[in-house]
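Report on the structure given below.
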Amino acid sequence: MRKDANSIKEIIEKKVNYVNSLTAEKIQQLAQDQYPELLQKKEKEVQEEADFIREIIEEHNRTGRFGGKVHTRFPPEPNGWLHIGHAYSINRNYNFAVEYGGKFNLRFDDTNPLTEEEEFVDSIIKDVLWLGVDYEDRLLFASDYFDQLYEYAVQLVRKGLAYVDDSSVEVIREMRGTITEPGKESPYRNRSIEENLDLFERMKKGEFKNGEKVLRAKIDMADPNMLMRDPIVYRILHASHHRTGDKWCIYPMYDWAHGLEDSIERITHSICTLEFEVHRPLYDWYIDQLEEEEGSPIHHSQQIEFAKMNLSYMVLSKRNMRMLVEGEYVNGWDDPRMLTIAGMRRRGYTPEAIRNFSLAINFTKREKIIDMSIFEHYIREDLDKKCPRVMSVLSPLKVVITNYPNEKEEVFSVPNHPSDKSMGNREVKFTRNIYIEQEDFMENPPEDYYRLSPGKEVRLKYAYFIKCENVVKDEGTGEIKEIHCTYDSETKGGESSDGRKVQGTIHWSSSDNALEVEVRQYDRLYTKENPMETEEGKEFKDYINSDSISILKSYVEPFLKEKEPGSRFQFERNGYYVIDIVDSTKENIVFNRIITLRDSWAKK
RNA sequence: AGACCCAUCGUCUAGUGGAAGGAUACGGGACUCUGGAUCCUGUGGCAGGCGUUCAAAUCGCCUUGGGUCUGCCA
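Structure (structure tokens):
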């Protein structure tokens, strides 16, 4: 519908006049009446953002294609570890179900006995549950449908749409043609239906060796889409399956199995990655040929493809991650530097942060490399809310408060969170000998250095103002051994009585009451934003950060001794830390750095 | 080379014919017992061209750039 310039002008003028006539109260009133959702909290808006898949779902709901139902699924093959890219897909698929009041299935796509193992089933279930998605009682296995899949294949043969081919792998490959030339038809293509039925049954019975025969769909050897050139439906694999044992010696190929699995489960939207785009015509073709009963087609799910997620300074492919593990650049698949779900769990990332991140990155068809800072933002956002604050000294420097009595000990009650009072208070002890962070003292500081230096006064957080009087050095090396300070007893709790201000506040630890722990500081694994984009004469291994972990002996508040592995804290001014769920023991407590605090000083 | 898919701030994204908005990152400022958090504010984009239209990020064509496809893997 087109409008002419004058009528547009008129409409705009009318609107402008109307808006100008409104008072602030009236606008508030209108907003309340007509757009109450705009006045709701921000979080909701973010989740309601459109993406192209949501548009498809809504179109289906309008036309009634699936009767208004939404049923999604996550179909991992149990042959590897899940990573952040899978978490993204799981979260978004699950979110569609939640959002539209539908269901979500966890289905193992276990159609290849050669590569799949039970241990991956367990680890994947654990990962999915940890992410906080609820598949209710729908923990499903493609292998449970093997009988049905076989029956469907028989149906295909009966309709003259599939045949048994005796050709070898090499011959089949040869005859498939190339992307620019059509293929040639197999000499076995026109066997009778009876012969095909017989042969297929004998394949199932185990009368043939691996590779001796395959079942192929009869489609079109000249189709520009290679996948439509008589694709293989079943191959012979004399191998034991992790769930069906030795019941089968023929196994369905992905394209045959996947759409039918979706159909059997009444999945409405089968969401997968972009490389399956060319598979969609085949996905649809298979389903279109099959009937539940005479004239009644089977359930037809809609396959929709989205672009995989990549993150800067990281490589998420199975192959590259395996290289890191096998090359011992990291310590196993659950190494806290790995973006596997197991690694992130150990690192201390929260499922909520991963979820918020996943929902912020919409499904699109455009390839993307997401800046790590976006992920980091969601991690910090969640941790800031949840983590109790604690004082730690990572790299200690000894400080003696010369005018503080030797035997004296004071206890300060300090808040566990600066803005969340419900987190309560704890007690910290203060004594004459303390540690501060080496970074918090500079003998010859630049002008904009807020922290401690000779003659300068700073606040020890929650305690006293101290002033640096003297620096004690090793006579041989010139290295700073300790510093001597005086404190102002009138500043107890950290406020001066005379209104005097200090520029800096630093954290500290009483050396008589500190708990020594191991702290593992992690950094990114790659030095290049996109390690896959290699320069001349280099391979992506050359971009591995050789300095991605450093281990410190540090001091923390003693009460942390009683905390469980997996507990997260903010070490004030240092970052967020978690007690390692694998290596930490009562004797040697190990903290992993989850992430640093933002640091606008360090950037300069 | 052929077929198919994709293209909005550095990055992630809204926008679907009627003044390109948000998030993050970055810069400035306020506040602060974390150089944190919070608040305010600034910089920054429709790949290019031609067409259709009163009007194009949006529709069409071309160019450019990127991706996918030649497993009895998924």
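Mind the numbering: the first sequence is residues 6 to 609 in the numbering used here, read in order. From the three backbone atoms N, C-alpha and C, an ideal C-beta is built for every residue, glycine too. Quick caveat, the model's predicted, so the values are computed rather than measured.
The criterion of a C-beta distance shorter than 8 Å is satisfied by G137 and R360.
Straight through space, the alpha carbons of H88 and K313 are spaced by roughly 12 Å.
Across the structure, D228 and Y193 are spaced so that their CA atoms are roughly 19 Å apart.
In the DSSP assignment, K214 forms no beta bridge with any residue. For N361, the enclosing alpha helix (DSSP H) has its first and last residue at 356-365. Burial of L388 is indicated by the presence of at least 16 other C-beta atoms within 10 angstroms of its C-beta.
8 Å or more divides the Cβ of M208 from the Cβ of I237. By the CB criterion at 8 Å, V463 and L520 fall outside the cutoff. Across the structure, V174 and G216 are spaced so that their CA atoms are roughly 7 Å apart. In the three-state scheme derived from DSSP, where H, G and I count as helix and E and B as strand, L344 is classed as coil.
According to the DSSP assignment, Q308 belongs to the beta strand (DSSP E) that extends over 307-311. Per DSSP, the beta-bridge partners of E415 are F435. Counting along the chain, the unbroken beta strand (DSSP E) around P401 starts and ends at 401-406.
Within the same chain, I224, D225, P286, L287, W290 come within 8 Å of M233 by CB-CB distance, once the 5 residues on both sides are set aside. In the three-state reduction of the DSSP assignment, H247 falls in the coil class.
A buried status is given to N98, since no fewer than 16 other beta-carbon atoms sit within 10 Å of its beta-carbon.
The C-beta distance from E523 to K566 rounds to 13 Å, too long to fall under 8 Å, and the pair is not in contact. Annotation: I584 to E280 spans about 40 Å, alpha carbon to alpha carbon.
Straight-line spacing of the CA atoms in Y469 and G498 works out to 6 Å. Per the DSSP secondary-structure output, K472 pairs in a beta bridge with E462, T491. DSSP places Y93 outside any beta strand (DSSP E); the residue lies instead in the alpha helix (DSSP H), whose first and last residues are 89-104. Secondary structure of L136 (DSSP, three-state): coil. The segment 446-465 makes no contact with the segment 427-434, as fewer than three CB pairs between them are under 8 Å.
DSSP, reduced to helix, strand and coil, places R78 within a strand of the structure shown. Taking a cut-off of 8 Å for Cβ pairs, the segment 134-151 and the segment 103-119 touch, as three or more such pairs fall below it. A distance below 6 Å between beta-carbons, with the five flanking residues on each side excluded, links P81 to the following residues of its chain, in chain order: I129. The beta carbon of N411 sits closer than 6 Å to the beta carbons of R437 from its chain, once the five residues preceding and following it are set aside; these are given in chain order.
Proximity to V75 across G106, N96, R67 peaks at G106, based on C-alpha coordinates. Cβ contact annotation for Q575 (same chain, cutoff 6 Å, sequence separation greater than five): C392, R394, Y581, in chain order. R505 and S400 have their C-alpha atoms spaced approximately 30 Å apart.
Closest in alpha carbon position to E534, among K568, L166, S378, K434, is S378. Counting every other CB atom within 10 Å of its CB across the protein chains shown gives T183 a total below 16, marking it as exposed. Comparing alpha carbon positions, the residue from E64, V595, A102, E60 closest to G353 is V595. Cβ-Cβ separation between S191 and D235: approximately 7 Å, consistent with a contact (criterion under 8 Å). Shortest Cα-Cα distance from T185 to any of N195, M231, S397 involves M231.
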